[in-house]
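One structure is given below, encoded as C-alpha cells.
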Amino acid sequence: MNNYFAIKFSEQSLLYLDQTKLPMQEVYIKTDDYERIASAIERLELRGAPLIGISAAFAIAISFKSISSDHKNHFEKVYKRLASTRPTAVNLFYALDRMKNTFENISDYADTYQILIKEAQAILDYEELCSKRISEIGSNIFTKKSNVLTHCNTGALAAAGFGTAFAVIKKGFDDGFVKHVYVDETRPLLQGLRLTAYELKKNKIPFTVLTDSMAAILMQQGEVDLVITGADRIALNGDSANKVGTYNLAVICNFHNIPFYIAAPSTTIDRKIAAGNEIEIEYRNGSEILSFDGKQITDPDLQTFSPAFDVTPAHLIKGIITEEDFYSFPYNFIK
Ligand code: MRU
47 MNNYFAIKFS
57 EQSLLYLDQT
67 KLPMQEVYIK
77 TDDYERIASA
87 IERLELRGAP
97 LIGISAAFAI
107 AISFKSISSD
117 HKNHFEKVYK
127 RLASTRPTAV
137 NLFYALDRMK
147 NTFENISDYA
157 DTYQILIKEA
167 QAILDYEELC
177 SKRISEIGSN
187 IFTKKSNVLT
197 HCNTGALAAA
207 GFGTAFAVIK
217 KGFDDGFVKH
227 VYVDETRPLL
237 QGLRLTAYEL
247 KKNKIPFTVL
257 TDSMAAILMQ
267 QGEVDLVITG
277 ADRIALNGDS
287 ANKVGTYNLA
297 VICNFHNIPF
307 YIAAPSTTID
317 RKIAAGNEIE
327 IEYRNGSEIL
337 SFDGKQITDP
347 DLQTFSPAFD
357 VTPAHLIKGI
367 ITEEDFYSFP
377 YNFIK
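Residues in the sequence shown are numbered from 47 upward in steps of one, following the numbering used here.
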C-alpha cells in the first residue's frame, strides 16, 4: 500500500491531494462542492486519465448530498459542467456516462445520493483492479534486467492502485526486472519531474530525471532498454493520445530500435472512433509555457503553441497492455 493517496471519499466529502503543489507541499483538500472538483480537474490539482474519471464520478454523487427536488435538471447541469472540464481523456466521459446510466435507473430519488456514491466507489474499485491486472500482464515486457524510460505521470496520482505504466514499472522493480528508471521532466507542467519523481522516491525505486529533449542522447548511449507510458484515449486502430512529447519518444524509440509500450485500462479505449485523427486534443493556456513555477520567465505576449497531448500512431507502439490482455500491432480493438 502507498503512504499517500490521490483521492478518497471520507466523511461524506472528497479528500484529495492538490497535485499542483507537489512535491514541495503535500496539501490535502476536503470538499463537498462539485464546482470545486470541476475546477480542480481544470487546474490539474486532480489529473491523469483514470483519476479524472473517478473524480468526476464522485463530484456528481457528492452534488446530490443535499438535493431534495428537481433531480433530473440538477443531474444534467452537473454532468454538463464536468464534461466541459477537459476534452481528451475518454475516461472522463466513460465515468460520466456510467453515472448517468445509474442515475437513469433510480426508482426512488430519496436514495439518489447513496446510490451514486456507491457507483463512484465501484468505478474507483474497478480502476484499482485494472491497475493490478495491468501490472501482471505487463510483466512480460521484461526479458532481462532493464532500464526503463517513462513520460508524464501514470502512478497512484493519475489512477487507482499503483496506476498504469507506473504499476508495470513497480512490479518489474519488485520482481527484479527493472534496474533503473529514467523520467522525462514533461514540459510544461512537469508531471514527470514533480509527480513521477515523487512516486518513485516514495516507492524507493532508483531513478534519474532528464529534460524531454535529452531522451534521444540517452538512447543513443544505449542506456534505455524500453519505454512505457500511459494513454488518455486510444482509437480502435491503436493510435494513442498521451501527454505531449509521447509521440517524440515513440519516434526516437523506433529510430533506435527500442520497444515502446503503452499501458492503460480498457476504459481508455474509445470504441466510437476508428483512428487518432478523431481525438480531440486539449490546448492549454500559453502562459503555462511562458512562466515557470508561477514566475514569468519571458515576454508574456509571445505567441505560443501549447497542445496538452499528442497522438502516437499505432505502428510505433510495440504493445498495448490493458487489464484484459496484451495487444500487439496491428491493433483491431472491437467496437
Ligand atoms: O495533463 P495530465 O497530467 O492529466 O496528463 C496525464 C497523462 O498524459 C497521463 O500519461 C495519462 O493520463 C495516463 S494516466 C494513468
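From the three backbone atoms N, C-alpha and C, an ideal C-beta is built for every residue, glycine too. Remember, predicted model here, so these are calculated numbers, not experimental data.
The beta-bridge partner set that DSSP reports for PRO353 consists of TYR329. Non-local beta-carbon contacts of ASP347 in its own chain, meaning distances under 7 Å to residues more than five positions away in sequence, are absent. Taking the C-beta atoms as reference points, PHE104 is found nearer than 7 Å to ALA166. Within the model, the alpha-carbon separation for HIS302 versus THR292 is close to 15 Å.
Per DSSP, reduced to three states, the secondary structure at PHE338 is strand.
Annotated three-state conformation of THR254 is strand, per DSSP. Note on geometry: alpha-carbon atoms of VAL194 and PHE375 lie some 21 Å from one another. Taking 6 Å as the cut-off, one finds at least one heavy atom of the ligand MRU near enough to the beta carbon of GLY94.
With a 10 Å radius around the Cβ and a threshold of 16 neighbouring Cβ atoms, ILE263 comes out exposed. In the three-state DSSP reduction, ARG93 falls in the coil class, being neither helix nor strand. Counting the other Cβ atoms within 10 Å of the Cβ of THR257 gives fewer than 16, which makes it exposed. In the DSSP secondary-structure assignment, TYR307 is bridged to ILE274, GLY365. Under the three-pair Cβ rule at 8 Å, the region 262-276 counts as touching the region 205-215. Below 8 Å, enough C-beta pairs join the region 120-136 and the region 87-105 to call them touching: three or more. Note on geometry: alpha-carbon atoms of ARG132 and ALA204 lie some 15 Å from one another. For VAL297, the enclosing alpha helix (DSSP H) starts and ends at 292-302. The Cβ atoms of LYS289 and CYS198 lie closer than 7 Å to each other. Between the ligand MRU and the CB of LYS67, the shortest heavy atom gap is not smaller than 6 Å. If you ignore the 5 residues before and after GLU72, its C-beta comes within less than 8 Å of the C-beta of TYR50, LEU63, all in its own chain and listed in chain order. By the neighbour-count criterion, in which a residue is buried when 16 or more other Cβ atoms sit within 10 angstroms of its Cβ, LYS364 is buried. With a 10 Å radius around the Cβ and a threshold of 16 neighbouring Cβ atoms, PRO252 comes out exposed.
In this model, SER177 and ASN283 are separated by some 23 Å (Cα to Cα). By the criterion of a C-beta distance shorter than 6 Å, ASN300 is surrounded in its chain by LEU362, once the five residues flanking it on both sides are discounted.
DSSP assignment within the region 161-229 yields the following whole alpha helix (DSSP H) runs of 4 residues or more, N-terminal first: 211-220. Between ARG330 and SER352, the gap from beta carbon to beta carbon is short of 7 Å. Counting the other CB atoms within 10 Å of its CB gives TYR74 a total below 16, which places it among the exposed residues. Residue range 74-77 is occupied by the beta strand (DSSP E) that includes THR77, with no alpha helix (DSSP H) assigned at that position. Judged by beta-carbon spacing, VAL227 lies beyond the 7 Å limit of ALA243, meaning their Cβ atoms are not closer than that value.
Taken atom to atom, the span from the alpha-carbon of LEU68 to that of ASP154 is near 42 Å.
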